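Report on the structure given below.
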Amino acid sequence: MNKKLSKSPGAIGVFDSGYGGLTILNQIKQEMPEYDYIYLGDNARTPYGTRSFEIVYEFTLQAVNKLFEMGCHLVILACNTASAKALRSIQINDLPGIDPNRRVLGVIRPTVESIGNITHSRHVGVLATSGTIISESYPLEIHKLHPDIIVSGEPCPMWVPLVENNEYNSPGADYFVKQHIDNLLKKDSEIDTIILGCTHYPLLLPKIEKYLPAGITVISQGEYVAASLKSYLKRHPEMDKLCTKNSICKFLTTESEIKFSESASTFLNTEISVERFVIE
4 MNKKLSKSPG AIGVFDSGYG GLTILNQIKQ EMPEYDYIYL GDNARTPYGT
54 RSFEIVYEFT LQAVNKLFEM GCHLVILACN TASAKALRSI QINDLPGIDP
104 NRRVLGVIRP TVESIGNITH SRHVGVLATS GTIISESYPL EIHKLHPDII
154 VSGEPCPMWV PLVENNEYNS PGADYFVKQH IDNLLKKDSE IDTIILGCTH
204 YPLLLPKIEK YLPAGITVIS QGEYVAASLK SYLKRHPEMD KLCTKNSICK
254 FLTTESEIKF SESASTFLNT EISVERFVIE
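Per my numbering, residue 4 is the first one in the sequence shown, and the count goes up by one each step.
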């Protein structure tokens, strides 16, 4: 593996199982517009949220290796499921053998680091996919930094399909949004902060806020991930030097280019060009 990887500077890789990571990429580009990015969406095998730990890890590692081969020295897993089920294994078990100087970062830790300064009641809710909730990654990470915070999670299996089928503004979406918010608040009525633990969910934010009681803060991950990445590169100038800066962004998908372009415009509010390729 080491022999195949270029030592020359390259783009920052951003990986997601589908389209949701585009909300993360958008925020990162706003914060750091001068950098180059390669966005890889494994749309042919999405969703990851219902898959086993083993399969998510296998798929995510394949994507990370592909981005490394394309010249990336730093890869962001802009996917909560991949961050929950694969990140730690890749960091500990795989990177030392692939290239100990390359880095893979996730979206959960930056979000968790912000929680302590936001919640006053010390009761936090997480709305996420079934896979992320079952992994208990948010409670585990939150308790590492803030052992006093009580965390309650609610799986929302219909929310990603609503977004990806462009139904997030439809009246039908209201039912599923209200249902899961009600379920979460029944588990803990003292929640004053809710994490949107899936990168698709910001598109549902108007409906989420519609059904939330006053006084509850909703955290979308993009701004925290972007700020964390900017800080990381300032603290690691050796990595920053390996990231090219030509303001170029390339999009790749494992599914149909036309389908990806149409759906991506929902997340980015702009037309993009995309290439299809196969992950092996």
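Where is the CB? At the ideal position from N, CA and C, for every residue including glycine. Being a predicted model, the structure only gives us computed values, none of them experimental.
In the DSSP assignment, D19 forms a beta bridge with G44. Counting every other CB atom within 10 Å of its CB across the protein chains shown gives P50 a total of 16 or more, marking it as buried. Take the alpha-carbon of I282 and the one of D45: they are about 8 Å apart.
In this structure, DSSP gives G13 an extended state, which the three-state scheme calls strand. Between the alpha carbons of D102 and K244 lies a distance of about 17 Å. Where A176 is concerned, the enclosing alpha helix (DSSP H) starts and stops at P174 to K190. When the five nearest sequence neighbours on each side are left out, the beta carbons in the same chain lying within less than 6 Å of the beta carbon of G156 are those of V129 and I136, in order along the chain.
Residue pairing by DSSP places L130 opposite E157 and L199 in a beta bridge. A Cβ-Cβ separation of about 7 Å places C159 in contact with A131 under the 8 Å criterion.
Rounded to the nearest angstrom, the Cβ distance from S20 to C82 is 5 Å, consistent with a contact under 8 Å.
When secondary structure is reduced to three states using DSSP, K213 falls in the helix class. Leaving aside the five residues that flank G200 on each side, the residues in its chain whose CB is nearer than 7 Å to its CB run, in chain order, N83, V129, L130, A131, T135 and Y141. By the CB criterion at 8 Å, G23 and H203 fall inside the cutoff. The continuous alpha helix (DSSP H) containing R238 extends over residues G225 to R238.
8 Å or more divides the Cβ of L64 from the Cβ of Y42. Judged by DSSP secondary structure, K32 falls within the alpha helix (DSSP H) whose first and last residues are G24 to E34. When secondary structure is reduced to three states using DSSP, V163 falls in the helix class. Per the Cβ contact rule, the segment 232-242 is not in contact with the segment 7-14 (fewer than 3 Cβ pairs under 8 Å). Listed in chain order, the non-local C-beta contacts of E258 below 6 Å within the same chain comprise N46 and A47, local neighbours out to five positions each way being set aside. The closest CA to that of K88, considering only N104, D151 and S133, is found on S133.
For V221, the uninterrupted beta strand (DSSP E) segment begins and ends at T220 to I222. Cβ neighbours of I152 within its own chain (closer than 6 Å, five residues either side excluded): R125, V127 and I145. Only residues of its own chain outside the window of five on either side were considered, and among them A14, I15, G16, V17, L28, I31, K32, I251, C252 and K253 have a CB closer than 8 Å to the CB of Y40, listed in chain order. Counting the other Cβ atoms within 10 Å of the Cβ of T247 gives 16 or more, which makes it buried.
When DSSP states are grouped into helix, strand and coil, V59 belongs to the helix group.
Rounded to whole angstroms, the gap between the alpha carbons of V221 and N272 is 22 Å. In this structure, the alpha-carbon of R91 lies about 20 Å from that of A229.
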